[in-house]
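Residue numbers (my numbering): 169 to 700. Heads up, the beta-carbon is just placed ideally off N, CA and C, and yes, glycines get one too. For reference, the structure is listed below as structure tokens.
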């Protein structure tokens, strides 16, 4: 058993910024299942929303967030996170993050601000169209150089260790983790009174997603098994503009492109978004994704198009160099041709229910970022608020960790048993795992995506119930592997999404059902909470 002052699960903006601050107070382990840079953060293109301009105000940013969130954002949470934004931005800059700047008419240099859907002001700080990669690279370099941080790559966290799991009489709390060392096959026992979940989202539960392969809902699943409250998992955000091409199925076309004037059109060049919302192509994502879905079904075409060809070619290549170069690899010149796009699963607005300080219903466990549900995103996330939440709440969580379990006191000595594999054998038929994985993603896409019905949800629930039994049988009878653990988490998270969606008998934000197409504030203006 190895003991740390803090254990951080995940290495995106939430985990790295928390670890860099926590390292000033004690020893930190960052546990990540692949390479440390393999995170949702690294894939973020658009930027980080924060009030920076004299023409912008906290109140305006709060109002835009509340409007996008469709009545489910607790205003005090929104205010606190947004008001702490400038301080968090300065910390990122101090860690070496470079945001784009431009020269004003008076010759001064100031930060360049973009605009995205749902924002009434330009307030999105960015680094070209690879903002997440810039943040990930700079924070990771700082963490590697920090002697108080131990980075455990290729370590897959199997489960949280709780006092209940150890059958202790003490009050329920989290006291560590079991983690599979993927290279050696050994299962490690890591002990801490302060465990932070920063594992990102669950986009890979769907057949089509903008998320990297690591986004399999691990944090939500392990928190659920440990007895934590889970909130609002029915609100899965589908990004409206994922590149439609057979060889680049997960490539995101950032919303910042629409912020710079790109328009959504059909195959005849018709701008259709104003028929759905007066804000046109800059409407919030839930509205835009549903509009595209409807246009595709109405016309029978495989996609719609995003057109920015009316902008100067030099501007397009300079502002969106990654998108320009990537599209060229599949013979699409975005300075001359509209980009074929479709919606794809992008972001979970629900997750492990937390306070604005990241505390969960299980003492000793905090959750920050996409894995968590502070309420900031409500029923629909405002673009570029996610990186802001990770940077701000990770700092509030550290302060809460230290006040809840002071570092001056010695950690309680617990007899945490080693992992027991008993009489398991190696998985003899990986094809079964891969088949179940594919089936989950296909049924979630067909039955639980942008538009839902009660019957579709019932069909999904029935099949997922059977798959859960199959996967559980596999889990108990075979030696754990990455593939098996991810499948176990995927089926758990898929079931939570379906159960949450089935409970909400209305349409709100990202949850749209044909059987209850209207929003009902009298009965349903509350969170969907699940607990074992």
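1) Along the chain, where does the beta strand (DSSP E) that runs through residue 646 open and close?
2) Give me, in chain order, the residues of the same chain whose beta-carbon lies closer than 7 Å to that of residue 221; leave out the 5 immediate sequence neighbours on both sides.
3) Would you decide whether residue 460 is buried or exposed? Buried here means 16 or more other CB atoms lie within 10 Å of its CB.
4) In chain order, what are the residue ranges of uninterrupted beta strand (DSSP E) at least 3 long that sit wholly in the stretch 470-497?
5) Assign residue 219 to one of three DSSP states: helix, strand, or coil.
6) Take residue 673 as the anchor and find which of 653, 654 and 620 has the nearest alpha-carbon.
7) Compute the distance between the beta-carbons of residue 196 and residue 344, then report whether it is under 8 Å.
8) For my contact list, residue 612 and residue 662 are in at a C-beta cut-off of 8 Å; report their separation, rounded to the angstrom.
9) Here's the rule: buried if 16 or more other CB atoms are within 10 angstroms of the residue's CB, otherwise exposed. What is residue 626?
10) Would you list the one or two residues that DSSP bridges to residue 278?
11) Going by DSSP, what residue range makes up the alpha helix (DSSP H) through residue 569?
12) Can the beta-carbon of residue 472 be found less than 8 Å from the beta-carbon of residue 434?
13) Where are the beta strand (DSSP E) runs, 3 residues long or more, that stay fully inside the stretch 341-419, in chain order?
14) By DSSP's criteria, residue 509 is part of a beta bridge. Which residues make up the other side?
15) Is it the case that the stretch 383-396 contacts the stretch 486-494, given that we only count it when at least three CB pairs across the two stretches are under 8 Å?
16) Quick one: give me the first and last residue of the beta strand (DSSP E) that residue 328 is part of.
17) Once the 5 residues before and after residue 323 are set aside, which same chain residues still bring their CB inside 6 Å of it?
18) Give me whichever residues DSSP pairs with residue 431 in a beta bridge.
19) Going along the chain, which residues of its own chain have a beta-carbon closer than 7 Å to the beta-carbon of residue 652, five neighbours each way excluded?
20) Based on the DSSP secondary-structure assignment, which residues constitute the bridge partners of residue 516?
21) Between which residues of its own chain and residue 269 is the CB-CB distance below 6 Å, once the five residues before and five after are set aside?
22) Provide the residue span of the beta strand (DSSP E) that contains residue 174, from first to last.
23) Which residue from 519, 554, 680 and 690 puts its Cα closest to that of residue 540?
24) Per DSSP, what kind of secondary structure is residue 211 in: helix, strand or coil?
25) At a cut of 8 Å, does the stretch 391-406 reach the stretch 523-539 through at least three beta carbon pairs?
26) Considering only DSSP beta bridges, list what residue 527 is partnered with.
27) Sort out for me which residues DSSP pairs residue 241 with in a bridge.
28) Given a cut-off of 8 Å, decide if residue 214 and residue 284 are closer than it, judged by their beta-carbon atoms.
29) In this structure, what does DSSP give as the bridge partners for residue 676?
30) Are residue 609 and residue 615 closer than 8 Å when you measure CB to CB?
31) If I measure Cβ to Cβ from residue 232 and keep anything under 7 Å in the same chain, skipping five residues before and after, which residues do I get?
32) Residue 204: which of 311, 562 and 500 sits nearest, CA to CA?
33) Which partner residues does residue 521 have in the DSSP bridge list?
34) Starting from the C-beta of residue 429, find all residues in its chain whose C-beta is less than 8 Å away, skip the five residues before and the five after it, and write them out in chain order.
35) What residue does the beta strand (DSSP E) around residue 302 start on, and which one ends it?
36) Return the CA-CA distance between residue 309 and residue 265, expressed in angstroms with no decimal places.
Looking at the coordinates:
1) Unbroken run through residue 646: none, as it is neither H nor E.
2) 281, 289, 290 and 291
3) buried
4) 472-475
5) coil
6) 620
7) no
8) 6 Å
9) exposed
10) 270
11) 553-572
12) yes
13) 342-349, 355-359, 363-365 and 404-411
14) 411 and 472
15) no
16) 323-330
17) 199, 347 and 349
18) 475
19) 595, 601, 642, 643 and 646
20) 404
21) 277, 279 and 280
22) 174-177
23) 519
24) helix
25) yes
26) 534
27) DSSP output for residue 241 lists no bridge partner at all.
28) yes
29) 679
30) no
31) 286, 287, 288 and 550
32) 311
33) 541
34) 476, 478 and 479
35) Here residue 302 belongs to no beta strand (DSSP E); instead the alpha helix (DSSP H) covers 299-313.
36) 11 Å
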